[in-house]
Every structure is written in structure tokens, then in C-alpha cells.
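Residue 1320 is where the sequence shown starts when you use our numbering, and the numbers rise one by one after that.
Where is the CB? At the ideal position from N, CA and C, for every residue including glycine.
Just so we're clear, the structure is a prediction, and the values are computed from it rather than from any experiment.
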Amino acid sequence: MAAAKGPDIQAHRLSKSDYAANFADLHPPLDHHEALVESDRCYFCHDAPCQTACPTSIDIPLFIREIQTGQPKSAAKTIFDQNILGGMCARVCPTETLCEEACVRNEAEGKPVKIGMLQRYATDAAMGDERHPYARAQSTGKQVAVVGAGPAGLACAHRLALHGHEVTIFEARKKSGGLNEYGIATYKAVDHFAQKEVDFILAIGGISVEHGKALGKNLKLADLQARFDAVFLGLGLAGVNALNAKNEDAEGIEDAVDFIAGLRQAKNFGRIPVGRRVLVIGGGMTAIDAAVQSKKLGAEDVTILYRRGEAQMKASPYEQDLAQINGVTIKHWVMPKKVLVKNGKAVGLACEYTEEKKGKLAGTGETFDLAADMIFKAIGQTYVDVLDGALLLEGGRIAVDAEKRTSVSGIWAGGDCVAGGQDLTVAAVQDGKVAAESIHRALNAR
């Protein structure tokens, strides 16, 4: 439920110049000289632990060498061959816990090669070129439906189109991009980059997109099975976990994902109201993004509450540091027990300190209250089964095999909606790519 405006929840807290500075590019791109200097730091390891750590298996030493030799567009092609959303992943992928954490430079001098920044340098160069790096194979006449225009769906569609299949993407929202468009901090992908990347992907041809089409509402799985030779589901996670605290439906409690989506679509940040005192419940990237952006909108006191310790937070140490650098307080070993309400509106949280006993979380019995004007829930999203049990589920998400095949022949799935996923853009891209190759093999076998 959206928070009402009042004396402590206001828009236009800052000047236009402050908003522009606060929501500018978090990491400005490398220039040509900087890219050459950084690429020269790579050891070009034969066994490349960075490549092994990459969920999409990008040949990192190769693309860095291509940058070093003055061929950034060739480097981009090396990246895109494995990850067609390499531009966005360069901006939002937690490289500090993946490829860069595995970089051998860490052992040599405690500072990895800036792989993510080099990846952005290369992909930006290629996406600014009018010549598309890919050409479609001859048409196969096969038709594939992709449900969801998020990272998994877009990666799947592009690979299928590359093989010559005709693809129709059905997307519930007004824009394509999924979490890349609606679910990440605005300062991580400025200048409408998510839509520029969608345009780049669709430029290969053979892909059409129908917006406003939601499975379970105006789109039926049985109809797709009848009309298309194969179906890929990239449904994402539409539900939000319950807080399980008294009064959690009170006015003033918002879902952090909705707040972030609103920011991503805002044309004027000054029109977005924010409280003076903001509480964010959760320990993942969404919690960090909501908290930091609240600060950047002008909130005076922003606190993240997480029920376990720093080491257990899903947000990387880098993201945690980013929050604290921006003035956000992180309270560990704390869980909300009750939403404090006055005149029907949330005014704070009654919390309890927690501890681990024999591996299980438990309250200590010691409680305290925190005042707030706005409270955001960032406690994870859940898969909503809009298919009425048509597919086998595992752990509350769609069950798939190694090729992303579901329990029903002719239907594949990938991304956050499938069991065992990492809930990362780069992992969703890999799912879409794996599924596309499996679909291609299945269609060729007919």
C-alpha cells in the first residue's frame, strides 16, 4: 500500500542539481586510455578462474586481450556470444563475488582486474555501432513462444532467432526488460540503458513482442502449446513474502520492489515523496537499493533491519559498504514483531533482537521500538503459480532439468521462476541460453 503524503513524507526535498548528482551513473565508464591501462593488468591465465566463476562462461582473458590490442568491438562479440545482455550485466552483476573475486590479481596485489568495467567498455562500443554483430540463420519455419521479456526470455529469444526460428515474446508489462527495466537501482543503469539493450537484442530480427499479455489472465498456456512448436517460460517472481508481523497491512508499509520500479520509471525524481525516517526490512540487493535510493531522495534517517548477521546477508560486502557510505545504518540480528500504528498509519516497528541457537534463528526476548514515516519490505519474492498446477513444482518454483525442460514436453522454463536459481540477471541469461539450445535441438529432431 502506498504511503500517504504528510508533513514527514514529502516530495521535492532536494534541488534539481542534487537529484541529478545523486542519481548519476554510479560508476562512470572507462575512457580509452583507462581501458588500455586496466586491460594491461590482466595475466591472461591459461586456466582462467575468472571465466570459471562467470555463470555464462564468458572467455574473459580473450575479451580483455582484444581490448588491449585495440579491438573493443571484437571483445564485445566475445562477450555477446556467451551473454547477449553483457551490457547490463557489466553494470549490475555482482562481479565482486564472481569473476573479480576469482581474479588472480587478488593474490598478487589484493586488487582484481576491473572485469566488469572492461566488459562495459567493450559492450558500449559495440552497441553504439549501427552494424549489428549477428545475422540470423535461414528461417526454419518453426515458431516459439517466449513468455516474459526479462533477461531469461530475451536471452532465449535472441538465441532462437539467431538459429532461424521465429519468436513471439509475450510480456505482461508495458515495457520489456523485466527486472533490468523495473527492478534495479536507477543509478546503476542510467540513460534508459535497459531499453537500449532491448532494442539491440531485437535488432537481430525474427522476434516480435506483444505487451500487456499475462499468463493466467489474457494468455493461456494451452493456447500457446497449440499455436507454437515450443514454449519458454521466463515468468520471474510476482509474489512478495509476508512479513508475518502484526499490522503489516497498515498504511505506510510498501513493497520495496514497487518503490524501485516507480523510481525506474520516474521522469522527475523530485515528484517522488520520501519520509524523513525510513526503515527497510531485508538483507538482499533489493533492500540495499531501496535504502540507498531513499537517502538519495532526501530521507534523513534510513535504517536496514536484518534478522541475521553481516556474513549471512545476500547483498554483497560491496553493496553493504555502498549503503553505509551513503549514510544508511544497517542493524543486524533484529527482526520486526509488530508494526506500530497510529490513526491507521504505520509509525514504526516493534523489534526483537535475534540470535542463532543450534543453527536456528531465535528471538532473545529483548525488544525495542523504532519510529518511521515509511517502511519498506524487501524480504524476498515468491513464484506465483498462474498455471494452476500444470507444471511440476520444486520448492515452490517450476521444476526443470539441466536443459531447462519442465515436466511437460514442449515447455521449457528459466530465470527466477525455476527451482535452484541464483536470482541474478547473469544466471537468468544463462538459463535462457541453455533452454534455447535445447529447444533448437528438439525442433531440429522433428
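Residue i - DSSP class collapsed to helix/strand/coil
i: Val1547; result: Residue identity differs from the one stated: residue 1547 is Phe in this sequence, not Val. Correct three-state label for Phe1547: coil.
i: Phe1687; result: strand
i: Cys1418; result: helix
i: Gly1469; result: coil
i: Ala1665; result: strand
i: Ala1441; result: helix
i: Arg1626; result: coil
i: Ala1504; result: coil
i: Ala1681; result: strand
i: Leu1562; result: coil
i: Phe1363; result: coil
i: Glu1675; result: strand
i: Gln1584; result: helix
i: Ala1323; result: Residue placement at Ala1323 is flagged as unreliable, the pLDDT there being 46, under the threshold of 50; the coordinate-derived value follows with that caveat. Correct three-state label for Ala1323: coil.
i: Met1693; result: strand
i: Val1719; result: coil
i: Ile1649; result: strand
i: Asp1620; result: strand
i: Thr1744; result: helix
i: Leu1404; result: coil
i: Val1509; result: coil
i: Leu1641; result: helix
i: Ala1339; result: helix
i: Leu1711; result: coil
i: Val1432; result: coil
i: Leu1598; result: strand
i: Leu1349; result: coil
i: Leu1706; result: coil
When the options are compared against residue i, the one with the closest alpha-carbon
i: Ile1623; options: Val1599, Ala1764, Ile1523, Met1604; result: Val1599
i: Gly1531; options: His1511, Ser1495, Glu1629, Tyr1501; result: Ser1495
i: Val1653; options: Ala1340, Ile1386, Thr1686; result: Thr1686
i: Ala1606; options: Gln1584, Ala1634, Ala1618; result: Ala1634
i: Ala1513; options: Glu1500, Leu1404, Ser1393, Leu1521; result: Glu1500
i: Phe1551; options: Gly1739, Ser1726, Cys1364, Asp1350; result: Ser1726
i: Lys1676; options: Ile1649, Glu1419, Lys1664, Arg1627; result: Arg1627
i: Val1576; options: Gly1502, Gly1682, Gly1733; result: Gly1502
i: Ala1747; options: Ser1358, Pro1391, Cys1408; result: Cys1408
i: Ala1395; options: Cys1422, Ala1471, Asp1344, Phe1519; result: Phe1519
i: His1331; options: Glu1490, Arg1590, Asp1750, Lys1430; result: Arg1590
Cross-strand partners of residue i (DSSP beta bridge)
i: Met1530; result: Residue 1530 is actually His in this sequence, not Met. Glu1490.
i: Met1604; result: According to DSSP, Met1604 bridges with nothing at all.
i: Trp1731; result: Phe1551, Arg1724
i: Gln1329; result: Val1593
i: Val1463; result: Val1486, Ala1549
i: Pro1655; result: Cys1670
i: Glu1570; result: Lys1664
i: Thr1701; result: Gly1558
i: Val1423; result: None; Val1423 has no bridge partner.
Neighbourhood of residue i by C-beta distance below 6 angstroms, restricted to the same chain and skipping five residues each side
i: Val1517; result: Ser1495, Gly1496
i: His1759; result: His1482
i: Arg1410; result: Lys1507, Ala1508
i: Lys1493; result: His1530
i: Ala1321; result: In this prediction, Ala1321 scores a pLDDT of 45, lower than 50, which makes its location untrustworthy; the coordinate-derived value is nonetheless stated afterwards. Contacts found: none.
i: Thr1416; result: Ser1635
i: Lys1335; result: none
i: Gln1631; result: none
i: Ala1549; result: Val1463, Gly1729, Ile1758
i: Ala1738; result: Glu1713, Gly1714, Arg1716, Ala1718
i: Gly1325; result: Residue confidence is low: Gly1325 scores 49 on pLDDT, short of 50, so the model does not pin down where it sits. No coordinate-derived value is stated.
i: Thr1397; result: Asp1378, Leu1381, Phe1382
Cut-off 7 angstroms between Cβ atoms - residues of its own chain near residue i, not counting five sequence neighbours on either side
i: Ile1523; result: His1451, Tyr1453, Arg1455, His1477, Ala1480, Leu1481
i: Lys1565; result: Lys1657, Val1658
i: Leu1556; result: Gln1700, Thr1701, Tyr1702, Asp1735, Cys1736
i: Ile1379; result: Ala1367, Cys1369, Gln1370, Cys1373, Cys1418, Ile1434
i: Phe1588; result: Tyr1338, Phe1342, Leu1616
i: Ala1269; result: Past the edges of the chain, shown from 1320 to 1765, lies residue 1269, and the structure says nothing about it.
i: Asp1608; result: Ile1503, Ala1504, Ile1579
i: Ala1585; result: Ile1591
Spatial neighbours of residue i in its chain, beta-carbon cut-off 8 angstroms, leaving aside the 5 residues before and after
i: Asp1327; result: Gly1594, Arg1595, Arg1596, Asp1692
i: Glu1619; result: Arg1595, Arg1596
Residue i: CB within 7 angstroms of a non-hydrogen atom of the ligand HEM
i: Ala1764; result: Ligands displayed in this structure: none; no statement on the ligand HEM is therefore possible.
Cβ of residue i within 8 angstroms of any chain C Cβ
i: Tyr1702; result: This model lacks chain C altogether, as it is built from one protein chain only.
Please determine if the segment 1456-1464 and the segment 1476-1486 are in contact, where contact requires at least 3 C-beta pairs separated by less than 8 angstroms.
Flag = yes, the segment 1456-1464 and the segment 1476-1486 touch.
Inter-stretch contact at 8 angstroms, needing at least 3 Cβ pairs: the segment 1567-1578 / the segment 1709-1717:
They do not touch, by the three-pair rule.
Just checking, does the segment 1538-1546 make contact with the segment 1428-1448 on the three C-beta pairs under 8 angstroms criterion?
Short answer: they don't touch.
With a cut-off of 8 angstroms, do at least 3 Cβ pairs link the segment 1634-1649 to the segment 1662-1676?
Between the segment 1634-1649 and the segment 1662-1676 there are fewer than three C-beta pairs closer than 8 angstroms, too few to call the two in contact.
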